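Structure, as structure tokens:
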Amino acid sequence: MRISLNWLRELVEIKLNPEELAQTLTMAGFEVEDIEDRRTWANGVVVGRVLERQPHPNADKLSVCQVDIGADETLNIVCGAANVRADIYVPVATTGTYLPNIGLKIKSAKLRGVPSQGMICSLKELGLPTDVDGIHIFPQENLQIGSDVRPLLGLDDVILDLTATANRADALSMVGVAREVAALTGGKLSIPEAGEVSITKNTENLALKIADTQACPAYIGTVIEQVKIAPSPDWLQQRLRAAGVRPINNVVDITNYVLLEWGQPLHAFDRNRLQSVASSESLTVGVRFATSGETLKTLDGQTRNLTIQNLLITANDKPVALAGVMGGEETEVHEGTQSLVLEAALFDSVAIRRSSRSVGLRSEASGRYERGVNRAELEVANRRALSLMSELAQAVIVQQEIADTRPDPSTWSRSIALRLERVNQVLGPIELQEETGELEERDVERILTALGCELTPSGERSWTVSVPPYRYRDLEREIDLIEEIARLYGYDNFCDTLPEKAEAGYLPLDQELIRKLRAFLRAEGLTELIHYSLVKPGEDRQIVLTNPLFAEYSALRTDLISGLIDAFQYNLEQGNGCLNGFDIGRIFWQEDGLQEAEAIAGIIGGDRTIGKWSKGGREQPITWFEAKGVLESVFRQLSLQIEYQPDRRDERLHPGRTASLWVRGNRLGIFGQLHPQLRRERGLPDSVFVFQLDIDVLLDSLEQDETLTPAFHAYSTYPASDRDIAFFAPVKVSVAELEKAISKAGKGLLESVELFDEYRGENVPQGQRSLAFRLIYRASDRTLTEAEVEPVHNKVREALVEKFGVNLRS
Numbered sequence: 013m014r015i016s017l018n019w020l021r022e023l024v025e026i027k028l029n030p031e032e033l034a035q036t037l038t039m040a041g042f043e044v045e046d047i048e049d050r051r052t053w054a055n056g057v058v059v060g061r062v063l064e065r066q067p068h069p070n071a072d073k074l075s076v077c078q079v080d081i082g083a084d085e086t087l088n089i090v091c092g093a094a095n096v097r098a099d100i101y102v103p104v105a106t107t108g109t110y111l112p113n114i115g116l117k118i119k120s121a122k123l124r125g126v127p128s129q130g131m132i133c134s135l136k137e138l139g140l141p142t143d144v145d146g147i148h149i150f151p152q153e154n155l156q157i158g159s160d161v162r163p164l165l166g167l168d169d170v171i172l173d174l175t176a177t178a179n180r181a182d183a184l185s186m187v188g189v190a191r192e193v194a195a196l197t198g199g200k201l202s203i204p205e206a207g208e209v210s211i212t213k214n215t216e217n218l219a220l221k222i223a224d225t226q227a228c229p230a231y232i233g234t235v236i237e238q239v240k241i242a243p244s245p246d247w248l249q250q251r252l253r254a255a256g257v258r259p260i261n262n263v264v265d266i267t268n269y270v271l272l273e274w275g276q277p278l279h280a281f282d283r284n285r286l287q288s289v290a291s292s293e294s295l296t297v298g299v300r301f302a303t304s305g306e307t308l309k310t311l312d313g314q315t316r317n318l319t320i321q322n323l324l325i326t327a328n329d330k331p332v333a334l335a336g337v338m339g340g341e342e343t344e345v346h347e348g349t350q351s352l353v354l355e356a357a358l359f360d361s362v363a364i365r366r367s368s369r370s371v372g373l374r375s376e377a378s379g380r381y382e383r384g385v386n387r388a389e390l391e392v393a394n395r396r397a398l399s400l401m402s403e404l405a406q407a408v409i410v411q412q413e414i415a416d417t418r419p420d421p422s423t424w425s426r427s428i429a430l431r432l433e434r435v436n437q438v439l440g441p442i443e444l445q446e447e448t449g450e451l452e453e454r455d456v457e458r459i460l461t462a463l464g465c466e467l468t469p470s471g472e473r474s475w476t477v478s479v480p481p482y483r484y485r486d487l488e489r490e491i492d493l494i495e496e497i498a499r500l501y502g503y504d505n506f507c508d509t510l511p512e513k514a515e516a517g518y519l520p521l522d523q524e525l526i527r528k529l530r531a532f533l534r535a536e537g538l539t540e541l542i543h544y545s546l547v548k549p550g551e552d553r554q555i556v557l558t559n560p561l562f563a564e565y566s567a568l569r570t571d572l573i574s575g576l577i578d579a580f581q582y583n584l585e586q587g588n589g590c591l592n593g594f595d596i597g598r599i600f601w602q603e604d605g606l607q608e609a610e611a612i613a614g615i616i617g618g619d620r621t622i623g624k625w626s627k628g629g630r631e632q633p634i635t636w637f638e639a640k641g642v643l644e645s646v647f648r649q650l651s652l653q654i655e656y657q658p659d660r661r662d663e664r665l666h667p668g669r670t671a672s673l674w675v676r677g678n679r680l681g682i683f684g685q686l687h688p689q690l691r692r693e694r695g696l697p698d699s700v701f702v703f704q705l706d707i708d709v710l711l712d713s714l715e716q717d718e719t720l721t722p723a724f725h726a727y728s729t730y731p732a733s734d735r736d737i738a739f740f741a742p743v744k745v746s747v748a749e750l751e752k753a754i755s756k757a758g759k760g761l762l763e764s765v766e767l768f769d770e771y772r773g774e775n776v777p778q779g780q781r782s783l784a785f786r787l788i789y790r791a792s793d794r795t796l797t798e799a800e801v802e803p804v805h806n807k808v809r810e811a812l813v814e815k816f817g818v819n820l821r822s
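Everything in the sequence shown is counted per my numbering, starting at 13 for the first residue and increasing by one.
Laid out in structure tokens, this is it:
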């Protein structure tokens, strides 16, 4: 918000210069982003009177003027404005003056052979917006020639561009900032009295109908007649311009002025136009939510398609304004307006926020309603506006209707228990010259009283604090009061303290393990990828957002594999080759409510080798076993024993080349080759493999001591004894099951089992395959003899025959 210091000085006593005040506000949590010193814009510009105007002898569009600025001699000034004439008062930039807004320093010069000793200025050249094309002509008469123009143009002012935090809705008004400055500096407040207004009742044709009292707890409608629409006086226009608001006419300017002064949005309707829209002399102003399909043309000239989220102001149930956001063009105040209906209302912040966002429109009014308007000063702001209209527009108030469902005013001031012990416990010691101390009772009472709170002692070193209505939304708990005490006492006045002992930092176990997992996958040649959590809707069990930014990203992802497939395809299409990578992130789904989990997934495909010249330029796509080996290498480094089981549940994967992964009886994830149909649709290589693991299951299966601090196991210094075993086994029996049975039967002496041959075809019975395993036997304390190995090996053979019915070949 732009704060005029001239205006602020009328509301509160200020003894600080602009820079000191900006520093004080910034340290108190109100960041001053810029200091606009308007005093420099017209330094050296004075009031002059044009005595004579003659056409330039050598230029048709130039004039030669004799200008009196109160000096010993009149100035000869060449002017190019079409509206310059004799007997007018104008701003004159004298020789040596610098105009920063146009970057020009005034010097004596000759223009087309005629000397010019200064410049007659337009408002644009002085940094002020204007619709006039030409020099500025002062409307006042009998001005003091040679006097400074800055007070006349409102340029004897400094503007602070102040940003208030979202919780400080009260600071979006001049009165609110004045209260804050008074609390910070101890300056005396001089808040303007709204004054009482008289209502001359000569009509009863206005009624109110509030359909939703929660969305609109209070509404004041005032009928005003005999309005004289005219430009606002200079002082009002200057204050609006200083705040960045364009003056329009006295009625509209008054509503904007009260908005800036009290933070209460107001809106003025042309009463005759309201009756025209309502098609009746009898007028009922209503507040309701829109129905689907309704439209409204707002003051910015755009036709808005309304939804059920839009709160409306209606005239006999016909939309005339977006409540709390913007008025309608059909009922706006214009030059011929003679009667008004002035709206002063309270609207629910959530309702206005949704309404504003649904039509993509934010305004000064909606920004204040969204943060929360002071419900205790609605009548004050309304009376202030009516008083100004009576003064500046000769308005006569003929009727006022009020619909008020606010709670009793006695409940608007919240009471909070505050303990001095808790204050010092949270804030810590304060610096007292050469020693430290703590806040005293008088400090707390002084600060909170300055904020407008009332303190009632409730015991030793404790109070019951009554919060003023304008801070009702902000101060809710004891800790809020403590924050205010720290803010106003000054954060820089508290001692800096550090913990007595600083411990070395460390990562939690889960993060340490995930970092190791990342490192192992990168070591296998996989690149870490990052994808959006938002995806296109349309899949089963998806969680769809109710208010997405884009329709293409309106649902949460249910897995990571889909994103990896898209990335793989995109890289191929861009000529970057096959993408081998992994992604770690959260997935979301619906199953007995909303669920989410952390997952890791990867994709591997194409030819992973380099130097195709050594293979005659031929591709050698990665095989199922090579891709599986990438995972096996990672699991081996994590000391995990993983079991693979056939799986056909995921339709994106090959039904005969997909396995679910299990660890200690828990499902860990899935690994498999992309389905040939999906591969053809996406234009992918022959063999592309994907995997997805549940990180929570993975972390639960890891033992902290074995993973972070691996235990050393001594190697046997004695030779091994190996045996081969070959047999025909049913195809439906997996190698994993066979290895598990072999390991169990040979437990004690068996060191490892390795499949080294598989054959299907001639001389192999139907429905079976020939498998050959190499078994390594070893003891840690001796060389094994034939008599020790053979019984164990026979036990393995017998276990295979008994459990799986294999036909032994060796």
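The C-beta atom is built at its ideal place from N, Cα and C for all residues, glycine as well.
These numbers were taken from a predicted model, which means no experiment stands behind them.
When the Cα of glutamate 306 is compared with those of Arg300, Gly298, Asn317, Asp312, which residue comes out closest? Closest in C-alpha terms to glutamate 306, from the list Arg300, Gly298, Asn317, Asp312, comes Asn317.
Does the separation of the CB atoms of isoleucine 132 and isoleucine 118 fall below 8 Å? It is not a contact, given that the beta carbons lie outside the stated cut-off.
Count the other CB atoms, across all protein chains shown, that sit within 10 Å of the CB of asparagine 268; report buried if there are 16 or more and exposed otherwise. Buried, since its Cβ has 16 or more Cβ neighbours within 10 Å.
Could you name the residues that DSSP lists as bridge partners for threonine 326? DSSP lists Gly298, Pro331 as the bridge partner or partners of threonine 326.
With a CB to CB cut of under 7 Å and the five nearest residues on each side skipped, what residues in its chain are close to threonine 86? These residues qualify, in order along the chain: Leu63, Gln78, Val79, Asp80.
Could you tell me the distance, in whole angstroms, from the CA atom of valine 263 to the CA atom of valine 345? Rounded to the nearest angstrom, the two C-alpha atoms are 8 Å apart.
To the nearest angstrom, how far is it from the Cα of alanine 190 to the Cα of valine 477? Near 22 Å, if we compare the C-alpha coordinates of valine 477 and alanine 190.
Within the continuous beta strand (DSSP E) that includes alanine 357, where are the two ends? From DSSP, the beta strand (DSSP E) with alanine 357 extends over 352–358.
Per DSSP, what kind of secondary structure is leucine 541 in: helix, strand or coil? Under the three-state reduction of DSSP, leucine 541 is assigned to strand.
Close-in-space but distant-in-sequence residues of the same chain around glutamate 763 (CB under 6 Å, 5 per side omitted): Closer than 6 Å at the Cβ level, and outside the excluded window around glutamate 763, lie Ile788, Arg790.
Taking just the CA atoms, how far does alanine 176 sit from glycine 188? For glycine 188 and alanine 176, the distance between alpha carbons rounds to 11 Å.
Contacts around serine 378, its chain only, beta-carbon distance under 7 Å, and the 5 residues preceding and following it disregarded: Non-local C-beta neighbours of serine 378 in its own chain, meaning closer than 7 Å and more than five positions away in sequence, comprise Gly336, Val337, Ile364, Ser368, ordered along the chain.
Could you check how far apart the C-beta atoms of leucine 525 and glycine 614 are, in whole angstroms? I think they sit under 8 Å. Contact flag wrong, Cβ pair sits at about 17 Å.
What residue range is occupied by the uninterrupted beta strand (DSSP E) comprising methionine 131? Per DSSP, methionine 131 belongs to the beta strand (DSSP E) from 130–132.
Once DSSP output is grouped into helix, strand and coil, what is the label at valine 646? Here valine 646 sits in helix by DSSP.
Kindly list the residues whose CB is nearer than 6 Å to the CB of serine 128, restricted to its own chain and excluding five residues on each side of it in sequence; keep chain order. Answer for serine 128: Ile89, Val90, Ala121, listed in chain order.
With a cut-off of 8 Å, do at least 3 Cβ pairs link the segment 92–107 to the segment 41–57? The segment 92–107 vs the segment 41–57: in contact.
Taking histidine 805 as part of the alpha helix (DSSP H), name the residues at either end of that continuous run. Counting along the chain, the unbroken alpha helix (DSSP H) around histidine 805 starts and ends at 798–816.
Does arginine 50 pass the burial test, meaning 16 or more other C-beta atoms within 10 Å, or should it be called exposed? The residue is buried, with at least 16 neighbouring Cβ atoms inside 10 Å.
Taking the alpha-carbon of leucine 196 as reference, which of Gly597, Leu28, Ala671, Gln287 has the nearest alpha-carbon? Residue Leu28 holds the alpha-carbon nearest to the alpha-carbon of leucine 196 among Gly597, Leu28, Ala671, Gln287.
Which word fits aspartate 72, buried or exposed, when buried means at least 16 other C-beta atoms lie within 10 angstroms of its C-beta? Result: exposed.
Residue(s) in a DSSP beta bridge with glycine 146: Looking at the DSSP output, glycine 146 sits in no beta bridge, so it has no partner there.
Length-filtered (3 minimum) beta strand (DSSP E) runs lying within the segment 756–786: Taking only runs of at least 3 residues, the beta strand (DSSP E) segments lying wholly in the segment 756–786 are 762–771.
Beta-carbon proximity of threonine 30 to leucine 172, cut-off 8 Å: The residue asked about is misnamed: residue 30 is proline in this sequence, not threonine. Closer than 8 Å, so yes.
What first and last residue would you give for the beta strand (DSSP E) that runs through phenylalanine 600? Counted as a single uninterrupted DSSP element, the beta strand (DSSP E) harbouring phenylalanine 600 occupies residues 593–602.
Under 8 Å, Cβ to Cβ, is there at least one residue of chain D near aspartate 604? Given the protein chain composition of this structure (a single chain), no chain D is represented.
Cβ neighbour criterion (16 or more within 10 Å) applied to cysteine 465: With 16 or more other Cβ atoms from the protein chains shown falling within 10 Å of its own Cβ, cysteine 465 counts as buried.
Could you spell out where the beta strand (DSSP E) holding proline 520 opens and where it closes? Premise fails: proline 520 is in no beta strand (DSSP E) and is neither H nor E.
Would you check if the distance between the CB atom of leucine 493 and the CB atom of alanine 462 is smaller than 8 Å? It is not a contact, given that the beta carbons lie outside the stated cut-off.
The beta strand (DSSP E) with valine 90 in it runs from where to where? It spans 87–91 - the beta strand (DSSP E) in which valine 90 sits, taken as one unbroken run.
Tell me whether the beta-carbon of leucine 17 lies closer than 8 Å to the beta-carbon of valine 170. Taking C-beta atoms as the reference points, leucine 17 and valine 170 count as a pair closer than 8 Å.
Of the residues Glu610, Ala639, Val289, Ala609, which one's Cα is nearest the Cα of aspartate 619? The shortest Cα separation from aspartate 619 among Glu610, Ala639, Val289, Ala609 belongs to Ala639.
Quick one: is cysteine 507 buried, meaning 16 or more other Cβ sit within 10 Å of its Cβ, or exposed? If you draw a 10 Å sphere on the C-beta of cysteine 507, you find fewer than 16 other C-beta atoms in it, and that means exposed.
Boundaries of the beta strand (DSSP E) in which phenylalanine 683 is found, first to last residue: For phenylalanine 683, the enclosing beta strand (DSSP E) stretches over residues 678–686.
Given this structure, state the Cα-to-Cα distance separating phenylalanine 724 from serine 792, to the nearest angstrom. About 14 Å.
Under the three-state reduction of DSSP, which class applies to phenylalanine 724: helix, strand or coil? DSSP places phenylalanine 724 in coil when its eight states are reduced to three.
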